[in-house]
Amino acid sequence: MKGSIRLFKIFGIRISIHVTFLLLPLVFAYFYTTRAGISTGVRAVFFILFVFTCVGCHELCHSIVAKHFGIIVSEITLLPIGGVASMKSMPEKPSHEFFIAIAGPLFNLVFGFILFIIVYSIFGLKVLMQPSLNSWPQTAAYMVWINPMLAIFNMIPAFPMDGGRVLRSLLAKRLSYKRATEIAVNFGHLFALVFGFIGLTSNPPHIILIVIAVFIYMAASSEELQVSIKETIKQFMVKDVLAPQFTSLKPTTPVSKILETSLHRHQEDFPVVDETKLVGFLTRSDIIMAIHSGGMNTLAEDVMRREFPIAYTTDKLTAVQQKMESSGLKAMPVLKGKQLSGIITLEDISRVYAMMSKRTK
230 MKGSIRLFKI FGIRISIHVT FLLLPLVFAY FYTTRAGIST GVRAVFFILF
280 VFTCVGCHEL CHSIVAKHFG IIVSEITLLP IGGVASMKSM PEKPSHEFFI
330 AIAGPLFNLV FGFILFIIVY SIFGLKVLMQ PSLNSWPQTA AYMVWINPML
380 AIFNMIPAFP MDGGRVLRSL LAKRLSYKRA TEIAVNFGHL FALVFGFIGL
430 TSNPPHIILI VIAVFIYMAA SSEELQVSIK ETIKQFMVKD VLAPQFTSLK
480 PTTPVSKILE TSLHRHQEDF PVVDETKLVG FLTRSDIIMA IHSGGMNTLA
530 EDVMRREFPI AYTTDKLTAV QQKMESSGLK AMPVLKGKQL SGIITLEDIS
580 RVYAMMSKRT K
């Protein structure tokens, strides 16, 4: 995500914080220090960092379960309003979405229970019932209760929150995915309006609740649009967007000639054909690597990929997109039967999405 600072990597997932997140500890430190002293300010900063550590673990649990189901998760970014996991695609099966959505709140409940046992054993029930930032034991009590609060808040059936995704996954077992999304989005809009009304009519106005309301409403609307586009895209096959003209290479074509062809034909990825048989595939990154490692006289057969995914003219566009995302490629050769018919790129698919987006709005 733009404007984020990378912290570390765990389970192959980058953990980052958005630059705006850095303001949060400063705001809490200033607010509590000026009103209750330095000690309370220190505890406030510690508490808010703890809360977002829990939020990060919450998102990490979503991501680990998503990876178990074959979904690529590249990054988790912590924002002042919560965490966002960057998933390359969304789960297709309702059961997968259910388990991914429920994983985060389950972490908060389990972790909260563990903290409850620890704090109860050390400080007793009286301290647990008096959470505040006035002392370290009471701060520990706050740390206990914040986790079930996070679980309950996230399980509100307001899309795009976890509860909304759970609701959609359950509805999708009986209804179409699109209809299930529409119902979950309507719940999201309803809760957003309620939160917004409470935030605006509070005295003074509750700014955070208003921001959450706006976020839920916009995110729910965006999800509905994306699902609508995706359902429309499912009707398209590769042959519907395949460019009629493309250039293939011979195994003996040198890199110098490939570069010249790329510039003149505005093509970055090339199928490599020996007579009429597809024997390899050459991407832009392969060509750049060949220039650095072997020079301009390097032949296509020396640097081409011999194992690569293949699309067919009758494949669904969404299936080809998933193949590209899982392989990390931005283009694939397309066959009609056993005959090379062209190449399809992510740019081709993006154009269809853009066209459908304009029609759907």
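Numbering (the numbering used here), first residue to last: 230 to 590. Even for Gly, the Cβ is constructed at its ideal location relative to N, Cα and C.
Check: From L507, T505, M584 and P500, pick the residue whose C-alpha is nearest to that of D515; which is it?; Outcome: P500
Check: Can you tell me whether Q474 is buried or exposed, with buried defined as 16 or more other CB within 10 angstroms of its CB?; Outcome: exposed
Check: Compare the C-alpha of T269 against each of F352, N363 and L278 and name the closest.; Outcome: N363
Check: Pop quiz: V248 and G266 are said to be a contact at Cβ under 8 Å. What is the actual Cβ separation, rounded to whole angstroms?; Outcome: With 8 Å as the limit, V248 and G266 do not qualify as a contact, their Cβ atoms being about 29 Å apart.
Check: Provide the residue(s) that pair with M358 in DSSP beta bridges, ordered along the chain.; Outcome: M358 is not bridged to any residue.
Check: Express the C-alpha separation of G566 and I234 in angstroms, rounding to a whole number.; Outcome: 48 Å
Check: Does DSSP put T282 in a helix, a strand or coil?; Outcome: helix
Check: Helix, strand or coil: how does DSSP classify L305 here?; Outcome: Note that residue 305 is Ile in the sequence shown here, rather than Leu. Here I305 sits in strand by DSSP.
Check: Count Cβ pairs between the segment 381-391 and the segment 445-452 that sit closer than 8 Å; are there 3 or more?; Outcome: yes
Check: Among the residues of its own chain, which have a CB less than 7 Å from the CB of P254, if the five just before and after it don't count?; Outcome: V274, I277 and L278
Check: Is the Cβ-Cβ distance between H291 and G333 less than 8 Å?; Outcome: yes
Check: Going by the CB atoms, is the gap between V467 and T542 shorter than 8 Å?; Outcome: yes
Check: When DSSP labels each residue in this structure, what does V502 get in the three-state scheme?; Outcome: strand
Check: Looking at I445: is its Cβ nearer than 8 Å to the Cβ of G428?; Outcome: no
Check: Answer yes if the segment 392-402 comes into contact with the segment 314-325, meaning at least three C-beta pairs across the two stretches below 8 Å, and no otherwise.; Outcome: yes
Check: Ends of the alpha helix (DSSP H) at V467?; Outcome: Premise fails: V467 is in no alpha helix (DSSP H) and is neither H nor E.
Check: Give a yes or no on whether the C-beta atoms belonging to M316 and V302 are separated by under 8 Å.; Outcome: yes
Check: Can you list, in chain order, the residues of its chain whose CB lies under 7 Å from that of T476, leaving out five sequence neighbours each side?; Outcome: T490, R494, Q496 and F499
Check: Helix, strand or coil, according to DSSP, for K511 in the structure here?; Outcome: Looking at the sequence shown, residue 511 is not Lys but Leu. Looking at L511 - three-state DSSP - the assignment turns out to be strand.
Check: Leaving out five residues on either side along the sequence, give the residues of the same chain with a beta carbon under 6 Å from the beta carbon of V508.; Outcome: V501
Check: How would you label H287, buried or exposed, when you count the other beta carbons within 10 angstroms and need 16 or more for buried?; Outcome: buried
Check: Using beta-carbon positions only, say whether G557 and V563 come within less than 8 Å of one another.; Outcome: no
Check: Measuring alpha carbon to alpha carbon, tell me which residue in L379, V280 and E304 is nearest L289.; Outcome: E304
Check: What three-state label does DSSP hand M584 in the structure shown?; Outcome: helix
Check: Is M316 helix, strand or coil when you go by DSSP?; Outcome: strand
Check: Starting from L488, trace the alpha helix (DSSP H) both ways and give me its first and last residue.; Outcome: V484 to R494
Check: Could you pull the start and end residues of the beta strand (DSSP E) that H435 belongs to?; Outcome: Run containing H435: none; DSSP gives neither H nor E here.
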